[in-house]
Amino acid sequence: MIDKPPLNTLLDLAGTFKFVSSLDEIPTLVQQTVKWFLLGRSHFSQEQFVQGLSVLGIYDSILKNPESFRPVFCYSPQQLNAEIISHLFETNFSEVGSNQHCSESLVISHWNDYLLDVEERAETEVTFNDILFFASGCKIIPPFGIKLSLEFLHHAEKNGEMSKFPKANTCACILYLPVTHSSYDKFKEALSFAFLNTRGFGEP
């Protein structure tokens, strides 16, 4: 088995391509190979990285205060809340004074109330991760952040009626909100139905 490529090439590069006289030697061989694969082959790059950090004393500071530097080097998903979700979205309003802008103001009022309901778990199973996934295809905020847009469904569809449910363009990270609901309860019902029943891309 060791003689089969590309395994023999990997073992040769790791310096562990040698005759095995007993099964007891295999765990040690595997351990040495894995250590080289994870650390040895990138050793020169790691040394350069450490040298760069050492120029201004950053490396020593990291060693002395590892927890303080953890957020810089180790990403952890942010706990979402209504304020964070609200700030992720930039709202594209129609012209001020137009009929569309007036209806959009009511929708945004409903939207802000909806986010608070999600945060308080008020009669909805929707989570902020569901909303983020619906709008962008991301279940968590990526390490480098994300910019989302809020737009409105003013135009009639093929059946001649405006959509009662939200829509999204996940490639452009745009969430389209319906403008047909004057009642908050109807707005909330429509959004919750969409967010809970369209967790797409074939994922459970």
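Going by the numbering used here, the first residue of the sequence shown is number 7, and it counts up by one from there. By construction, the Cβ of each residue, glycine as well, lies at the ideal position given by its N, Cα and C atoms.
- The beta carbon of residue 157 lies closer than 7 Å to those of 98, 180 and 182 in the same chain, with the five residues before and after it left out.
- Here the alpha carbons of residue 78 and residue 118 stand approximately 32 Å from one another.
- Annotation for residue 81: no alpha helix (DSSP H) segment contains it, and DSSP assigns it neither H nor E.
- Assignment of residue 125 by DSSP, reduced to helix, strand and coil, places it in the helix class.
- The beta-bridge partner set that DSSP reports for residue 174 consists of 181.
- Residue 106 and residue 160 do touch by the CB rule: their CB atoms are close to 6 Å apart, below 8 Å.
- According to the DSSP assignment, residue 34 belongs to the alpha helix (DSSP H) that extends over 32 to 44.
- Taking the Cα of residue 150 as reference, the smallest distance to any Cα among 114, 81 and 194 is reached at 81.
- With 16 or more neighbouring CB atoms inside 10 Å of its own CB, residue 113 falls in the buried class.
- When DSSP assignments are scanned along the segment 98 to 161, the uninterrupted stretches of beta strand (DSSP E) that are 3 or more residues long and fall wholly within it turn out to be 154 to 159.
- Cβ-Cβ distances below 6 Å link residue 59 to 65 in the same chain, with the five nearest sequence neighbours on each side left out; the list follows chain order.
- Taking C-beta atoms as the reference points, residue 86 and residue 135 count as a pair closer than 8 Å.
- Residue 121 has its alpha-carbon roughly 8 Å from the corresponding atom of residue 92.
- Bounds of the alpha helix (DSSP H) holding residue 203 are 190 to 203.
- In this structure, residue 137 keeps its C-beta atom at 8 Å or more from the C-beta atom of residue 199.
- Under the DSSP assignment, residue 58 falls in the alpha helix (DSSP H) whose first and last residues are 49 to 60.
- Residue pairing from DSSP places residue 96 in a beta bridge opposite 155.
- Take residue 197, set aside five residues on each side of it, and the residues of its chain with a beta-carbon closer than 7 Å to its own are 120 and 172, in chain order.
- As the crow flies, the alpha-carbon of residue 70 is around 44 Å from that of residue 131.
- Around the beta carbon of residue 189, a 10 Å sphere encloses fewer than 16 other beta carbons of the protein chains shown; the residue is thus reported as exposed.
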